[in-house]
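Visitor: Using my numbering, you'd call the opening residue of the sequence shown number 279 and step up by one each time. The structure under discussion is supplied below as structure tokens; questions concerning it will follow.
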Amino acid sequence: MYAPVTLHIPGNGLVVYGFGATREEALDQLATLQENLLGYEVQKSDTAVEILRHGSLQNGTPWVDLAYAQVLTRLMDALVARNAVAEDTALDRPATMILAGNQYFHDSWKRDENIALGFLLTLGFYDLAREVIQSTWQLQDERTGRLPQRIRAGEAPPYHSSDGTLWALWRLYQYWRCSGDESLIREKLPMVQRFFARSLERVVDGLLPSGRTAAPEYLWETWMDTPHTPRDGFPIEIQMLWIACLRVFRPLVHDYDPDLEAWMASAEASAWIALR
């Protein structure tokens with residue numbers, strides 16, 4: 279049975295849940311978790327680092343061994359992710375990447391990576407975050423301005439992700455705001471301008487199309503990337519990312535290409551009207 283619940287927790291703290299078929303069973307599990315929580319966290323961190331150090335996988339080229347580790351969504355797991363960033367030679371180029379997940383995804387999926395990258399920025403690992411961002415921004419599709427959806431050694435990168443480049447843009451901006459290092463965003467600005475210029479050629483009422491609405495060969499481009507949920511058209515979360523990126527990059531673009539900045543401003547205004 280699915281039963282939604284809203285928890286109001288004052289201040290900052292750690293929340294531990296216990297589950298069971300009965301109240302007593304849930305309380306027993308909760309007591310066990312609380313008693314052993316620190317040990318579990320240390321064990322998980324040590325295991326991830328050990329896998330990174332000694333594990334290897336064949337992923338398409340014989341000279342590349344991919345170490346992998348699980349990137350999870352709690353603060354302690356962010357430290358694990360920091361130690362589990364994989365050094366790889368993707369497409370014969372040096373790259374530092376966060377792998378999408380233990381066991382099933384031994385590749386750098388850029389949507390997942392850029393979402394997880396927020397932990398590195400929050401924890402102040404700016405040098406490492408910069409290396410990860412650099413790996414994303416090595417390759418750009420000249421036709422669409424998009425960045426790769428995935429980097430896998432020995433394979434041409436696919437570009438059919440309507441939010442992957444938007445997430446990369448957002449993290450590039452946040453890296454600058456968090457670290458104070460403006461050099462990276464200035465270095466990537468020509469690629470940023472190319473993405474916006476190509477994307478603005480395809481907008482409808484300021485909205486960024488996704489899936490077959492964008493191009494016939496683009497199938498199921500959002501995070502719900504299955505044939506059962508194609509979401510062709512203008513998914514709402516894509517539009518909010520698109521508008522956010524337009525807004526924060528306009529001042530930077532203005533210094534180099536005022537006409538493009540004006541085009542971006544017009545698209546942003548039109549998008550808000552279309553979403554009302």
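The C-beta atom is built at its ideal place from N, Cα and C for all residues, glycine as well.
Suppose you measure from the CA of Leu292 to the CA of Glu391; what does that come to, to the nearest Å?
Guide: On the sequence shown, residue 292 is found 14 positions in, with the first residue counted as 1. On the sequence shown, residue 391 is found 113 positions in, with the first residue counted as 1. Their backbone Cα atoms lie some 25 angstroms apart in a straight line.
Visitor: Counting Cβ pairs closer than 8 angstroms, one from the segment 509 to 516 and one from the segment 482 to 490, do we hit at least three?
Guide: Yes, since at least three Cβ pairs between the segment 509 to 516 and the segment 482 to 490 fall closer than 8 angstroms, the two stretches touch.
Visitor: Any chance you could list the alpha helix (DSSP H) runs of at least 4 consecutive residues sitting entirely within the segment 511 to 547, in chain order?
Guide: Here the runs fully enclosed are 514 to 532.
Visitor: Compute the Euclidean distance between the alpha carbons of Arg528 and Phe397, then round it to the nearest angstrom.
Guide: Your numbering for residue 528 matches position 250 in the sequence shown. Your numbering for residue 397 matches position 119 in the sequence shown. For Arg528 and Phe397, the distance between alpha carbons rounds to 26 angstroms.
Visitor: Could you tell me how far apart the beta carbons of Ile411 and Leu462 are, in whole angstroms, since I believe they sit closer than 8 angstroms?
Guide: Counted from its first residue, the sequence shown places residue 411 at position 133. Counted from its first residue, the sequence shown places residue 462 at position 184. That pair is a contact at about 7 angstroms.
Visitor: Which first and last residues belong to the alpha helix (DSSP H) in which Ala407 is found?
Guide: Translated into positions along the sequence shown, residue 407 becomes position 129. Looking at the DSSP string, the run of the alpha helix (DSSP H) that includes Ala407 is 404 to 414.
Visitor: Drop a sphere of 10 angstroms on the beta-carbon of Met518, count the other beta-carbons inside from all chains shown, and report buried for 16 or more, exposed for fewer.
Guide: Residue mapping note: residue 518 aligns to position 240 of the sequence shown, counting from 1. That one is exposed.
Visitor: At the level of alpha carbons, what is the spacing between Trp445 and Tyr534?
Guide: Within the sequence shown, the letter at position 167 stands for residue 445. Within the sequence shown, the letter at position 256 stands for residue 534. Whole-angstrom Cα-Cα distance: 23 angstroms.
Visitor: Here's the rule I'm using: 16 or more other beta-carbon atoms within 10 Å means buried, otherwise exposed. How should Asp537 be labelled?
Guide: The residue you call residue 537 lines up with position 259 of the sequence shown. Exposed is the call here.
Visitor: Might you give, ordered along the chain, the residues of its own chain that have their beta carbon closer than 7 angstroms to the beta carbon of Phe297, omitting 5 neighbours on each side?
Guide: Walking along the sequence shown from the start, residue 297 turns up at place 19. Here the set comprises Ala304, Gln307.
Visitor: With distances taken Cα to Cα, identify the nearest neighbour of Asp503 among Trp541, His438, Ala547, Pro494.
Guide: Here residue 503 refers to the residue found at position 225 of the sequence shown. Out of Trp541, His438, Ala547, Pro494, His438 has the C-alpha closest to the C-alpha of Asp503.
Visitor: Nearest-angstrom Cα distance between Thr374 and His286?
Guide: What you label residue 374 is simply residue 96 of the sequence shown in a count that begins at 1. What you label residue 286 is simply residue 8 of the sequence shown in a count that begins at 1. For Thr374 and His286, the distance between alpha carbons rounds to 38 angstroms.
Visitor: For Arg472, which residues of its own chain have a beta-carbon under 6 angstroms away from its beta-carbon, when the five flanking residues on both sides are left out?
Guide: Looking up residue 472 in the sequence shown gives position 194. These residues qualify, in order along the chain: Gly423.
Visitor: Which of the three DSSP states is assigned to Thr500 in this structure?
Guide: Numbered from 1 along the sequence shown, position 222 holds the residue referred to as residue 500. Thr500 falls in the coil class under three-state DSSP.
Visitor: When DSSP labels each residue in this structure, what does Ile429 get in the three-state scheme?
Guide: Position 151 of the sequence shown, counted from the start, is the residue given in the question as residue 429. Three-state DSSP puts Ile429 in a strand.
Visitor: Opposite Leu485 in the DSSP bridges: which residues?
Guide: Position 207 of the sequence shown, counted from the start, is the residue given in the question as residue 485. Leu485 pairs with Val482.
Visitor: Where do the N-terminal and C-terminal ends of the alpha helix (DSSP H) with Arg509 fall, by residue?
Guide: On the sequence shown, position 231 is the one that residue 509 refers to. Looking at the DSSP string, Arg509 is not in any alpha helix (DSSP H), and its letter there is neither H nor E.
Visitor: Going by beta carbon distance, what residues of the same chain come within less than 6 angstroms of Gln381, once the five residues before and after it are set aside?
Guide: Translated into positions along the sequence shown, residue 381 becomes position 103. Low local confidence applies: a pLDDT of 49 at Gln381 is under 50, so the model's placement there is unreliable, and no value is given.
Visitor: For the alpha helix (DSSP H) containing Ser457, name the first residue and the last one.
Guide: Here residue 457 refers to the residue found at position 179 when the sequence shown is read from its first residue. Ser457 -> alpha helix (DSSP H) spans 442 to 457.
Visitor: How is the alpha helix (DSSP H) around Ile376 delimited, first residue to last?
Guide: On the sequence shown, position 98 is the one that residue 376 refers to. First-last for Ile376: undefined, no H or E at that position.
Visitor: Going by the DSSP bridge assignment, what does Trp550 pair with across the sheet?
Guide: Residue 550 sits at position 272 when you count from the first residue of the sequence shown. Partner(s): none; Trp550 has no beta bridge.
Visitor: Can you give me the C-alpha to C-alpha distance between Leu478 and Ser413, rounded to a whole angstrom?
Guide: What you label residue 478 is simply residue 200 of the sequence shown in a count that begins at 1. What you label residue 413 is simply residue 135 of the sequence shown in a count that begins at 1. Computed Cα separation, rounded: 25 angstroms.
Visitor: List the whole-angstrom C-beta distance separating Val467 from Leu530, where the pair is believed to meet the contact cut-off of C-beta under 8 angstroms.
Guide: Taking the first residue of the sequence shown as 1, we reach residue 467 at position 189. Taking the first residue of the sequence shown as 1, we reach residue 530 at position 252. The displayed chain sequence assigns Leu, not Val, to residue 467. Confirmed, about 6 angstroms.
Visitor: In three-state terms, what does DSSP make of His286?
Guide: Against the sequence shown, residue 286 aligns to sequence position 8. The answer is coil: DSSP assigns His286 none of H, G, I, E or B.
Visitor: CA-CA distance, Arg389 and His532?
Guide: Here residue 389 refers to the residue found at position 111 of the sequence shown. Here residue 532 refers to the residue found at position 254 of the sequence shown. Roughly 27 angstroms between the two C-alpha positions.
Visitor: Within this structure, are the beta carbons of Ala549 and Asp483 separated by less than 9 angstroms?
Guide: As a working note, residue 549 is residue 271 in the sequence shown. As a working note, residue 483 is residue 205 in the sequence shown. The answer is yes: Cβ separation under 9 angstroms.
Visitor: Asp405: which of Leu450, Arg421, Glu433 sits nearest, CA to CA?
Guide: As a position in the sequence shown, residue 405 is number 127, starting the count at 1. Selected option, being the one with the closest Cα: Leu450.
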